[in-house]
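Trainee: In the working numbering, the protein residues as written are 6 to 93.
Backbone N, C-alpha and C fix where the C-beta goes; we use that ideal spot for every residue, glycine too.
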Amino acid sequence: MSHTIFFEEYKQSINIIRESDKTAYTLKLFYANVITLMETYLSNALISTVKGNSNLIVKVTETRLFNSHKIALKTAFTSIINKYILCL
Numbered sequence: 006m007s008h009t010i011f012f013e014e015y016k017q018s019i020n021i022i023r024e025s026d027k028t029a030y031t032l033k034l035f036y037a038n039v040i041t042l043m044e045t046y047l048s049n050a051l052i053s054t055v056k057g058n059s060n061l062i063v064k065v066t067e068t069r070l071f072n073s074h075k076i077a078l079k080t081a082f083t084s085i086i087n088k089y090i091l092c093l
């Protein structure tokens, strides 16, 4: 999936918010929703980028999150390690 698809989904959701009736209450909800939409877009784009590049997967495992993370050897050999790493 390309980043363009993720961005199009983001823009469609933003347009729904723009076209909605706004009250003081809904503006607060929309604010939280926009933050969530941006986080989702960035997460999907990052995972898509890393998933297709084994060098980036190695770099992900070198981050602080994985420094103390241990997995059993059986898990490493019987699981799709890329999927395991990206789901943490």
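Is it buried or exposed, Y46, if we count other Cβ atoms within 10 angstroms and call 16 or more buried?
Mentor: By the 10 Å Cβ count, Y46 comes out buried.
Trainee: Do you know how far the Cα of V55 is from the Cα of Y15?
Mentor: Roughly 20 Å between the two C-alpha positions.
Trainee: How many whole angstroms separate the CB atoms of V39 and I10, which I take to be in contact at a CB cut-off of 8 Å?
Mentor: Actually they are not in contact, since the Cβ atoms of V39 and I10 sit about 19 Å apart, beyond 8 Å.
Trainee: In angstroms with no decimal places, state the Cα-to-Cα distance between S73 and K64.
Mentor: Roughly 15 Å separates the two Cα atoms.
Trainee: CB H8 to CB S59, shorter than 8 Å?
Mentor: Contact: no.
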